[in-house]
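Notes for the one structure printed next.
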Amino acid sequence: MARTRVWQAQARPWRAYWRDHGRVLRDTLGYLSGRFVTTLWVWLTIGVALAVPAAIYLLEANLVRAAGQWRENTGFSVYFEAGVELEGPQALVRRLEAMDGIERVWLTTPDAALAEFRELSGVSDALELLDNNPLPASVRATVTSAVSPAGLAILAEQAAGTDGVEDVVVERSWLERLGALREIVIRLYWSLTAILGLGAVLISGATVRLAIEARLGEVKVLTLVGAGRGYVRRPFLYLGAAYGLGGAVIAAMAISALLLFLEEPLVRLFGSYGRDLEITGFDPIFHAMLLASGGALGVVGAVVASSQRLNRLNVA
Amino acid sequence: MGIEFQHVVKRFENGTEALSDVSVTIPPGSLTFLTGHSGAGKSTFLNLVLRADRPTRGKVLVNGVDIAGLKRRHLPVYRRHLGAVFQDGQLLDGRSIFHNVALPLHVAGMRARDVGRRVRAALESVDLLRKAELLPGQLSAGERQRVVIARAVVNRPKILLADEPTGNLDPTLSRSIMALFRRFHDVGVTVVVASHDTELVGTMGSRVVELDHGRVVSQGRANGDG
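For the record, the sequence lines run as chains P and Z. So the first sequence is numbered by our numbering: it starts at 11 and just counts up by one. So the second sequence is numbered by our numbering: it starts at 145 and just counts up by one.
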């Protein structure tokens with residue numbers, strides 16, 4: 011079928027390809043500015059859809075960080091039987107220090123415990139009457155943020171197996187609550203990301219579909235003069251990307267406004283813990299991700315809408 | 145390029161049979177008129193050549209190749225070898241005449257310098273070069289139709305298809321449009337014009353295929369004066 015070769019696609023020059031992109035970009039900007047109110051409306055709608063999961067992402071990132079600062083008491087205390095020689099607690103300290111997940115270990119000798127008790131209790135006179143020090147040696151360990159409640163229980167169990175140990179007290183209620191809270195926030199984040207991301211795709215797709223309907227005559231003419239699907243579809247993909255990117259900019263502005271609004275009470279809250287307010291995550295990487303997500307969702311909407319419509323128009 | 149219809153049947157989804165066992169040969173470089181009343185199957189015939197549609201049965205051969213078998217990715221390039229003129233022109237209202245005519249060349253990825261040269265030549269051939277910067281809305285119906293013809297020929301097609309190109313024009317303008325088609329035929333382009341205006345077609349002295357209810361009722365040469 012040598013004669014069919016004449017109809018096989020010949021590679022278009024790269025210069026023509028980039029010139030098309032430049033032309034489409036100019037046309038897209040012209041199209042958007044010519045319908046500014048509609049464009050702004052779409053940007054605001056997509057912006058809200060992106061801002062909610064993005065704000066929850068920031069909340070989760072800062073929750074973990076703040077929790078890391080406030081969880082210094084998370085760990086366990088090992089109380090030895092009264093009268094146990096110090097070699098046992100000291101050996102436990104060395105063993106715990108070598109374990110993964112252990113942040114810090116303290117040994118409190120019976121004498122140190124008595125001195126502390128004397129100072130804190132205000133009953134030093136009564137203590138003078140005792141023949142022997144009744145307080146046991148104890149070892150306290152805190153764990154790193156990577157340790158889960160289950161991991162903490164395992165560490166405590168290992169410590170409890172030491173000779174001479176009478177009791178092990180695990181302070182995990184805070185860790186368990188934090189874990190549950192994080193789980194809720196993460197699930198909320200993914201659920202809202204899925205729902206509102208789908209919403210952004212649908213908004214972009216519906217708006218692009220309207221643009222296709224408005225330019226149906228142009229689409230038919232382009233098909234008639236030999237434009238391929240890529241050429242016909244390109245302006246609509248640019249339009250979808252522009253809607254998504256604009257929505258992401260609106261979302262970033264909304265989150266900035268939210269943080270400004272919350273700054274004063276947050277400063278007070280952090281101050282009450284003796285810390286300065288420092289929001290993590292609201293950085294250039296976050297903004298880049300937000301823009302990329304917005305652009306991608308906009309393009310996905312445009313691809314879905316244009317594929318569907320151009321298939322019905324039988325555009326090759 | 146020649147066109148050959150071999151026992152072509154086109155039946156639409158609603159059951160309407162637009163073409164029934166049509167066998168027609170249009171030689172390369174000929175000027176052929178398709179005539180018949182509204183609904184005779186003229187537009188369907190042209191759409192099958194454009195590969196905007198596929199036959200239900202039979203073969204449509206262009207340059208000896210069954211175009212129903214063309215792959216989707218080859219269709220745009222195939223259509224770049226055709227020029228199409230339709231009654232409702234379909235010019236892009238927001239673009240200048242120059243840009244409208246340049247469209248097939250932009251689609252083909254031609255260099256800007258060559259685009260300018262080709263578009264000026266095409267507009268010159270339809271005597272509209274002086275109006276290149278105007279918008280379609282600023283032209284008369286006859287001028288707009290000439291712009292559509294310029295757009296159809298700017299890519300130097302091997303086949304020029306026209307569906308009722310004089311449908312809404314007065315007799316004088318219609319004759320001038322037909323004269324343009326004859327000029328393209330004179331330089332070797334295969335021209336197929338669908339028209340219900342049998343009087344006008346009769347004056348052209350060209351090959352005529354008459355369709356009625358989707359069937360070929362006559363084929364031959366009109367006895368024209370032109």
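Glycine residues also receive a C-beta, built at the ideal position from the N, C-alpha and C atoms.
Between the C-alpha atoms of alanine 123/P and valine 178/P, what's the straight-line distance to the nearest angstrom?
17 Å
Cα separation between aspartate 369/Z and phenylalanine 246/P?
The predicted position of aspartate 369/Z is uncertain, since its pLDDT is 46 and thus under 50; no value can be drawn from it.
Inter-residue spacing [alpha-carbon to alpha-carbon] between alanine 195/Z and valine 221/Z:
It should be pointed out that residue 195/Z corresponds to arginine in this sequence rather than to alanine. Between arginine 195/Z and valine 221/Z, the C-alpha separation is close to 12 Å.
Valine 259/Z at chain P interface by Cβ criterion, 8 Å:
no
To be precise: take each residue of the region 223 to 234 of chain P, compare its Cβ to all Cβ atoms of chain Z, and keep it if any distance is under 8 Å. Which residues remain?
Gly227, Glu228, Lys230, Val231, Leu232, Thr233 and Leu234
Check whether threonine 301/Z and valine 336/Z have beta carbons under 8 Å apart
Correcting the residue type first, residue 301/Z is proline in the shown sequence and not threonine. No; because the gap between Cβ atoms is not below 8 Å, this pair is not in contact.
What does alanine 237/P reach in chain Z if we use C-beta pairs closer than 7 Å?
Pro220 and Val251
Span of the beta strand (DSSP E) around arginine 151/Z
For the record, residue 151/Z in the displayed sequence is histidine; it is not arginine. First-last of the beta strand (DSSP E) with histidine 151/Z: 147 to 155.
Straight-line gap, valine 314/P to phenylalanine 230/Z (C-alpha atoms, nearest Å)
31 Å
To the nearest angstrom, report how far apart tryptophan 28/P and glycine 215/P are at their CA atoms.
25 Å
Could you pull the start and end residues of the alpha helix (DSSP H) that isoleucine 295/P belongs to?
294 to 322
Thinking C-beta only, is leucine 249/Z closer than 8 Å to arginine 257/Z?
no
Could you please give me the residues that DSSP links to valine 206/Z through a beta bridge?
Ile147/Z and Val209/Z
Cβ-based neighbour list, serine 174/Z, same chain, cut-off 7 Å, excluding 5 preceding and 5 following
Thr334 and Arg351
Please report how far the alpha carbon of leucine 344/Z lies from the alpha carbon of arginine 319/Z, in whole angstroms.
7 Å
For valine 153/Z and serine 164/Z, which I take to be in contact (beta-carbon distance under 8 Å), what is that distance rounded to the nearest angstrom?
6 Å
In the DSSP assignment, what are the bridge partners of threonine 363/Z?
Strictly speaking, residue 363/Z in this sequence is glutamine, with threonine absent from that position. DSSP, once it has assigned bridges, lists Val353/Z as partnering glutamine 363/Z.
How many Å lie between leucine 139/P and threonine 172/P at the Cα?
32 Å
Among residues of its own chain, excluding the 5 on either side of leucine 300/P, which ones have a beta-carbon nearer than 7 Å to its beta-carbon?
Leu60, Ala64, Ala258, Ala261 and Ala262
Inspect the beta-carbon positions of glutamate 354/Z and glycine 180/Z and report whether they are closer than 8 Å.
yes
Cα-Cα, which of Leu235/Z, Pro172/Z and Ile241/Z is closest to aspartate 330/Z?
Pro172/Z
Can you tell which of Asn321/P, Thr217/P and Leu269/P has the C-alpha that lies nearest to the C-alpha of proline 48/P?
According to the sequence shown, residue 48/P is threonine rather than proline. When each option's Cα is compared against that of threonine 48/P, the closest is Thr217/P.
Given that a residue counts as buried once 16 or more other Cβ atoms are within 10 Å of its Cβ, and exposed if not, what is phenylalanine 156/Z?
exposed
What's the C-alpha gap between glycine 44/P and aspartate 37/P?
10 Å
Inter-residue CB distance, arginine 223/Z and glycine 240/P (contact presumed, cutoff 8 Å)
Not quite, the Cβ-Cβ distance comes to about 15 Å (not below 8 Å), so this is no contact.
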